[in-house]
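What follows is a single structure, written as structure tokens, with notes after it.
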Amino acid sequence: MSAIDPARPDIVAFMARAASELKTTLTPPKDVCKFGDNPALADELLGTLLRGKKTSTTTWPIPETLHWGVGDLSVILDGKGYPRAIIRTTSFVRCRFGDVAEDFALAEGEGNYQQWREGHIRYFKRVQGNRDFNEDVEVLCEWFEVVYPVLNGREQ
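With the UniProt record's numbering, you'll find the sequence shown wraps up at 156, consecutive numbering, no jumps.
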């Protein structure tokens, strides 16, 4: 489960505001998280998402039990921990890191395929205390769509 409580008052208020603006009912988020491991990276990756350039993310190690699934909502926080976006998971693929598809990597919005690979190797080694990370580790590739704010030139 996410370390951040989805019932936190600011998360609940953010979800209510989004539902009101979207004129729909939103289910409570199954996850509340930041992209990256530090405030600057969280803000950078959130910006990529908000510009419509990020529609996928990679997780390693894969949690023993996933607390979110296809169709579930997640709230994405900025570097200061404030809710800024809602995404809906559209699919998952488990695969070896060495087998991550180029189209998936490019959908993370972090440069070309080689830049994505090098950046993720550095990132996973850093956040996991230099644990053995190699081509054969299994990663979780998640595709998502941005639910809120509305992108593509419409109100944000």
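The C-beta atom is built at its ideal place from N, Cα and C for all residues, glycine as well. These numbers come from a predicted model, not from an experiment.
Close beta carbons around residue i, own chain, < 6 Å, minus the five adjacent residues each side
i           : result
residue 51  : none
residue 4   : 32
residue 39  : 79
residue 48  : 54, 109
residue 29  : 6, 73, 74, 75
residue 207 : Because the chain spans 1 through 156 in this model, residue 207 falls outside it and cannot be assessed.
residue 147 : 86, 88
residue 37  : 127
residue 145 : 88, 90
residue 98  : 135
Beta strand (DSSP E) segment containing residue i, residue limits
i           : result
residue 89  : 83-96
residue 140 : 138-148
Close Cβ partners of residue i (< 8 Å) along its chain, the five nearest in sequence each way excluded
i          : result
residue 10 : 82, 83
residue 94 : 62, 138, 139, 140, 141
In DSSP terms, what residue i is bridged to
i          : result
residue 76 : 33, 85
residue 56 : 143
Close-in-space but distant-in-sequence residues of the same chain around residue i (CB under 7 Å, 5 per side omitted)
i           : result
residue 124 : 60, 133
residue 69  : 89
residue 120 : 58
Element boundaries [alpha helix (DSSP H), containing residue i]
i           : result
residue 122 : 113-127
residue 69  : Unbroken run through residue 69: none, as it is neither H nor E.
residue 104 : 102-107
residue 48  : 39-50
residue 8   : Careful: residue 8 lies outside any alpha helix (DSSP H) and carries neither H nor E.
Measuring CB atoms only, is the stretch 55-67 touching the stretch 16-23, in the sense that at least three cross pairs come out at less than 8 Å? no
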